[in-house]
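Peer 1: Chains as they are written, first to last, in the UniProt record's numbering: chain A, 1 to 392; chain B, 1 to 392. Next up is a structure, given as structure tokens.
There are 2 protein chains.
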Amino acid sequence: MRIGITGALALAAMMVTGMAGAQETIVEKKVFELPSFTTQSGRTLKQVRVGWESYGTLNADKSNAVLICHFFSGNSHAAGKYDAADAAPGYWDAIIGPGKAIDTNTYFVIASDTLVNLNTGDPKTTTTGPASIDPDTGKPYGLDFPIVGVRDFVEVQKALVESLGIKKLALVAGPSMGSLQTFEWAASHPEMVAKAMPVIGAAEADAILIGWLDVWAAPILADANWNNGDYYGKAPPLAGLAKALTAVTLHANHQDWANATFGRRPAKESENPGKTLTDKFQVQSVLDNAGMARAKLSDANHFLYLVKANQLFTTGGTSLADGMAKIRAPMLYITQPKDLVFTPDAVERTLKAAKDAGRDITHVTIDGVRGHLDGVISMKQAEGAIRAFLEK
Amino acid sequence: MRIGITGALALAAMMVTGMAGAQETIVEKKVFELPSFTTQSGRTLKQVRVGWESYGTLNADKSNAVLICHFFSGNSHAAGKYDAADAAPGYWDAIIGPGKAIDTNTYFVIASDTLVNLNTGDPKTTTTGPASIDPDTGKPYGLDFPIVGVRDFVEVQKALVESLGIKKLALVAGPSMGSLQTFEWAASHPEMVAKAMPVIGAAEADAILIGWLDVWAAPILADANWNNGDYYGKAPPLAGLAKALTAVTLHANHQDWANATFGRRPAKESENPGKTLTDKFQVQSVLDNAGMARAKLSDANHFLYLVKANQLFTTGGTSLADGMAKIRAPMLYITQPKDLVFTPDAVERTLKAAKDAGRDITHVTIDGVRGHLDGVISMKQAEGAIRAFLEK
Numbered sequence: 001m002r003i004g005i006t007g008a009l010a011l012a013a014m015m016v017t018g019m020a021g022a023q024e025t026i027v028e029k030k031v032f033e034l035p036s037f038t039t040q041s042g043r044t045l046k047q048v049r050v051g052w053e054s055y056g057t058l059n060a061d062k063s064n065a066v067l068i069c070h071f072f073s074g075n076s077h078a079a080g081k082y083d084a085a086d087a088a089p090g091y092w093d094a095i096i097g098p099g100k101a102i103d104t105n106t107y108f109v110i111a112s113d114t115l116v117n118l119n120t121g122d123p124k125t126t127t128t129g130p131a132s133i134d135p136d137t138g139k140p141y142g143l144d145f146p147i148v149g150v151r152d153f154v155e156v157q158k159a160l161v162e163s164l165g166i167k168k169l170a171l172v173a174g175p176s177m178g179s180l181q182t183f184e185w186a187a188s189h190p191e192m193v194a195k196a197m198p199v200i201g202a203a204e205a206d207a208i209l210i211g212w213l214d215v216w217a218a219p220i221l222a223d224a225n226w227n228n229g230d231y232y233g234k235a236p237p238l239a240g241l242a243k244a245l246t247a248v249t250l251h252a253n254h255q256d257w258a259n260a261t262f263g264r265r266p267a268k269e270s271e272n273p274g275k276t277l278t279d280k281f282q283v284q285s286v287l288d289n290a291g292m293a294r295a296k297l298s299d300a301n302h303f304l305y306l307v308k309a310n311q312l313f314t315t316g317g318t319s320l321a322d323g324m325a326k327i328r329a330p331m332l333y334i335t336q337p338k339d340l341v342f343t344p345d346a347v348e349r350t351l352k353a354a355k356d357a358g359r360d361i362t363h364v365t366i367d368g369v370r371g372h373l374d375g376v377i378s379m380k381q382a383e384g385a386i387r388a389f390l391e392k
Numbered sequence: 001m002r003i004g005i006t007g008a009l010a011l012a013a014m015m016v017t018g019m020a021g022a023q024e025t026i027v028e029k030k031v032f033e034l035p036s037f038t039t040q041s042g043r044t045l046k047q048v049r050v051g052w053e054s055y056g057t058l059n060a061d062k063s064n065a066v067l068i069c070h071f072f073s074g075n076s077h078a079a080g081k082y083d084a085a086d087a088a089p090g091y092w093d094a095i096i097g098p099g100k101a102i103d104t105n106t107y108f109v110i111a112s113d114t115l116v117n118l119n120t121g122d123p124k125t126t127t128t129g130p131a132s133i134d135p136d137t138g139k140p141y142g143l144d145f146p147i148v149g150v151r152d153f154v155e156v157q158k159a160l161v162e163s164l165g166i167k168k169l170a171l172v173a174g175p176s177m178g179s180l181q182t183f184e185w186a187a188s189h190p191e192m193v194a195k196a197m198p199v200i201g202a203a204e205a206d207a208i209l210i211g212w213l214d215v216w217a218a219p220i221l222a223d224a225n226w227n228n229g230d231y232y233g234k235a236p237p238l239a240g241l242a243k244a245l246t247a248v249t250l251h252a253n254h255q256d257w258a259n260a261t262f263g264r265r266p267a268k269e270s271e272n273p274g275k276t277l278t279d280k281f282q283v284q285s286v287l288d289n290a291g292m293a294r295a296k297l298s299d300a301n302h303f304l305y306l307v308k309a310n311q312l313f314t315t316g317g318t319s320l321a322d323g324m325a326k327i328r329a330p331m332l333y334i335t336q337p338k339d340l341v342f343t344p345d346a347v348e349r350t351l352k353a354a355k356d357a358g359r360d361i362t363h364v365t366i367d368g369v370r371g372h373l374d375g376v377i378s379m380k381q382a383e384g385a386i387r388a389f390l391e392k
């Protein structure tokens, strides 16, 4: 399949490439509920629920647990399949499984949905956010849901991990927004994180990323159906959300892929993109169709809350230097030099801050034509580095 | 002024930096009207009008004319001031004027507004597009206006140039979308172009650029007030257009500028961007304010028609190789390696196509922290290369 975006979950579908034939782990989705959770901003929420999965077996002294944190548009399906007939396994299946880099014969791997997860319409995702029913009112929170940050995601995961009796994680890892959670875990709970593996991310959202995240969100804010977040039970801002997801997909890829895959072909053989405003090139129709398919399973307010959580992010909550000073875990930092979201200069600033703070950080790069997305779909390249890091 | 975006015309205002003290040319805006103009798509329009300016004096044999083509959000104000008290001169004033690289003591420099120019609300811009009154109906064209391409922009300019009795241009030049017009001029009227100077552009819109242009346009399409282009006499899609212009400004800049200028400062000293969805960082508020200020003077349909014209662009109209084969003019190609819009690999493809076709092309790069925008505001760096190119 040359284009690589056809399914409802564009990123998931894009992952199919190069992942056939691996031994399959059958996994089940579980739900973790916290009767009460107080956010960093001081708001107490009742019945906070997130979905989670696990691969492998927790050992007797509960010392072999690994936590995987998901990316912006992802969920806790990091590895395996729900059913052998599933079109694709979880997103990091190339490095998580029996005999793989994060070997489930050795490790008990946990992956959880974040708060305000995007995929509210996906039956395999459980999250709590603006689209959830507020138990106090019986209605969706909408914008009454408090602003949450990456630290809040981490605190919910910490409660999940502790509910399993785990006191220390052998590894915390994740791509993109998952890397922000990884840095945050290492800084806010250094005693619980033995090793950390942030992938295709940075330890802080810089001004340009804050700006780009606004570009992603813009079509939602411009969609009158968004209605200041008050659209539950009415027509949701589907057109705006679809365009927002289109922007995410384009940004998460690289020109090498887009140009080689689509060139200047029209959407349909017989179609002239110059005929009317709505006639398209193939790159436009593929991205728009993928965006719309995803939008139908996603929530616009959750998108905006995720944007905010990413914009607010600095490791440790105050400054990059303070955050790095708190970290104790050795880090394996994996990036892609063609990443257009977390650019090489953001990576350099993270590395410099880590080194200035005296941190033990190993930097490895992967390559490919997908840019940012290679940190999700091309991780097999880092297999050797991950094994070495876990063994040392 | 550290931030550099305050005026109504964000890009114009951004240009102020580093341009003080030059000798000022006072210019006047003129209007060129074509009673009838037939587009490449075969539609005949009546009373097509565009604004234009000139600097210097046309010589007796009319051999000293230079044509400057403007960028996406620009207009024909390429140099000089309308009034000595103007805050800023035209966008390429650093290289156009008496004694400057394009020396108006030697050359007669013409700059014209394109068709479907964005700045319909600016009294110094004259253009014809969807917002114009169709003389046949007495109403704005709206989406009944035909799709136009860069070749159409060129043909209107050609009529303007010929109306002045000019048979050959000593130079055609322009930044960004102006470079597309420059390539197109050289390919479609090789006998009329002695030299060509495309700046911060490429000879073809590739798939990634087509995709990004859609990201720019997305907030307009998501804005219900856009109403399929039918909003004249009603509330225009101002929110969507403002967000679209914000995306253009961000993309036209580089992270080096955004990060150094804004960092992670909140919009206001006392404001916490984490308090609510609408509390902002400074980078967000400055870009949003600039976008909204520009939107009030711009037209959303014109924005969409410009996006389409850029997406459709291949030099010569068929393929990069065919286009390059038609060019005769020596070219001075000026680019910025940090350009995020026309990326280094697009520049490389243009260079390769030019060389494969045996073209005489000299490639020069400029630098700076603005990326794409350096081709508008930092052109003094190329002064020596431009002089040498014009003298050879």
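Even glycine gets a Cβ: it sits at the ideal position worked out from N, Cα and C.
Could you tell me which chain B residues have their CB closer than 7 Å to the CB of A/Pro219, listed as they occur along the chain?
Peer 2: Ala218, Pro219, Ala222
Peer 1: Using CA coordinates, which residue listed in B/Thr350, B/Val369, B/Ile366, B/Asp367 is at the minimum distance from B/Thr360?
Peer 2: In the sequence on display, residue 360 of chain B carries Asp and not Thr. It is B/Thr350.
Peer 1: Rounded to whole angstroms, what's the CA-CA distance from B/Ser179 to A/Ala224? Just pull it up for me.
Peer 2: 37 Å
Peer 1: Does A/Pro236 come out as helix, strand or coil in the three-state DSSP assignment?
Peer 2: coil
Peer 1: In its own chain, which residues sit with a C-beta less than 8 Å from the C-beta of B/Gly21, not counting the 5 before and 5 after it?
Peer 2: Model confidence at B/Gly21 stands at a pLDDT of 47, short of 50, so the residue's coordinates are unreliable; what they give is reported in the following sentence. Answer for B/Gly21: no residue qualifies.
Peer 1: B/Phe71: which of B/Met292, B/Asp113, B/Val31 sits nearest, CA to CA?
Peer 2: B/Asp113
Peer 1: Grouping DSSP H, G and I as helix and E and B as strand, with all else coil, what is B/Thr17?
Peer 2: Below a pLDDT of 50, predicted positions are generally treated as unreliable, and B/Thr17, at 40, falls in that range; no measurement from the model is reported.
Peer 1: Using a Cβ-Cβ cutoff of 8 Å, what residues of the stretch 205-216 of chain A are near chain B? List them in chain order.
Peer 2: If the cut-off is 8 Å between Cβ atoms, the stretch 205-216 of chain A has Ala205, Asp206, Ala207, Ile208, Ile210, Gly211, Trp212, Asp214, Val215 near chain B.
Peer 1: Are the Cβ atoms of B/Leu297 and B/Gly121 separated by less than 7 Å?
Peer 2: Against a cut-off of 7 Å, the Cβ pair of B/Gly121 and B/Leu297 comes out as a contact.
Peer 1: Tell me the DSSP bridge mates of residue 399 of chain B?
Peer 2: No answer is possible for residue 399 of chain B: the residues shown for chain B start at 1 and end at 392.
Peer 1: Would B/Lys243 pass as an interface residue toward chain A - the criterion being a Cβ-Cβ separation below 7 Å?
Peer 2: yes
Peer 1: Just reading off the alpha helix (DSSP H) that B/Met197 is part of, what are its end residues?
Peer 2: From DSSP, B/Met197 is part of no alpha helix (DSSP H) but of the beta strand (DSSP E) over 196-199.
Peer 1: Would you call B/Ser163 buried or exposed, if buried means 16 or more other Cβ atoms sit within 10 Å of its Cβ?
Peer 2: exposed
Peer 1: What residues from chain A crowd round B/Thr315, counting only those whose CB sits closer than 7 Å?
Peer 2: Simply none; closest approach about 12 Å.
Peer 1: Distance check for A/Cys69 and B/Gln255, CA to CA, integer angstroms please.
Peer 2: So the two alpha carbons sit approximately 27 Å from each other.
Peer 1: Mapping the DSSP letters down to three states, classify A/Lys91 as helix, strand or coil.
Peer 2: Sequence inspection shows Tyr at residue 91 of chain A; the Lys mentioned does not correspond to that position. In this structure, A/Tyr91 counts as coil in the three-state DSSP scheme.
Peer 1: Check each residue of the stretch 28-57 of chain A: if its Cβ is closer than 8 Å to any Cβ of chain B, include it; give the result in chain order.
Peer 2: Ser41
Peer 1: Can you give the Cα-Cα distance for B/Val376 and A/Gly358, rounded to whole angstroms?
Peer 2: 42 Å
Peer 1: Go through its chain and collect everything with a Cβ distance to B/Lys30's Cβ below 8 Å, but skip five positions before and after it.
Peer 2: Gly51, Trp52, Glu53, Ser54
Peer 1: Which complete beta strand (DSSP E) runs does the stretch 330-383 of chain B hold, if anything under 3 residues is left out?
Peer 2: Complete beta strand (DSSP E) runs here, min 3: 331-335, 361-365.
Peer 1: Given a cut-off of 7 Å on the beta-carbon distance, is the pair B/Gly240 and B/Ile220 in contact?
Peer 2: The answer is yes: Cβ separation under 7 Å.
Peer 1: At 4 residues or longer, what runs of the alpha helix (DSSP H) sit wholly inside the stretch 100-164 of chain B?
Peer 2: 150-163
Peer 1: Would you call B/Glu269 buried or exposed, if buried means 16 or more other Cβ atoms sit within 10 Å of its Cβ?
Peer 2: exposed
Peer 1: Run through chain B and tell me which residues come within less than 9 Å of A/Lys275, C-beta to C-beta.
Peer 2: Residues of chain B passing the Cβ test: Ser41, Ile147.
Peer 1: Say whether the stretch 278-298 of chain A touches the stretch 227-245 of chain A, bearing in mind that this needs 3 or more beta-carbon pairs closer than 8 Å, one atom from each stretch.
Peer 2: yes
Peer 1: Classify A/Thr25 as buried or exposed, calling it buried when 16 or more other Cβ atoms lie within 10 Å of its own Cβ.
Peer 2: buried
Peer 1: For B/Val248, which of helix, strand or coil comes out of DSSP?
Peer 2: helix
Peer 1: With DSSP collapsed to three states, give me the class of B/Tyr305.
Peer 2: helix
Peer 1: Roughly how many whole angstroms lie between the Cα atoms of A/Val248 and A/Val341?
Peer 2: 9 Å
Peer 1: Residues in the same chain with beta-carbon distance under 6 Å from B/Val199, minus the five sequence neighbours each way, listed in chain order, please.
Peer 2: Correct list, in chain order: Pro175, Ser179, Ile334, Gly375.
Peer 1: For a contact meaning CB atoms closer than 7 Å, what does A/Val283 contact in chain B?
Peer 2: What A/Val283 touches in chain B: Ala207, Ile210, Gly211.
Peer 1: Which bits of chain B does A/Phe262 rub up against, with CB to CB less than 7 Å?
Peer 2: Near A/Phe262 (Cβ distances below 7 Å), the residues of chain B are Ala207.
Peer 1: B/Leu312 versus chain A: which residues are under 7 Å apart at the beta carbon?
Peer 2: Pro273, Gly274
Peer 1: What is the DSSP secondary structure of B/Val27, reduced to helix, strand or coil?
Peer 2: Correct three-state label for B/Val27: coil.
Peer 1: If you draw a straight line from the C-alpha of A/Phe313 to the C-alpha of B/Phe183, how long is it?
Peer 2: 44 Å
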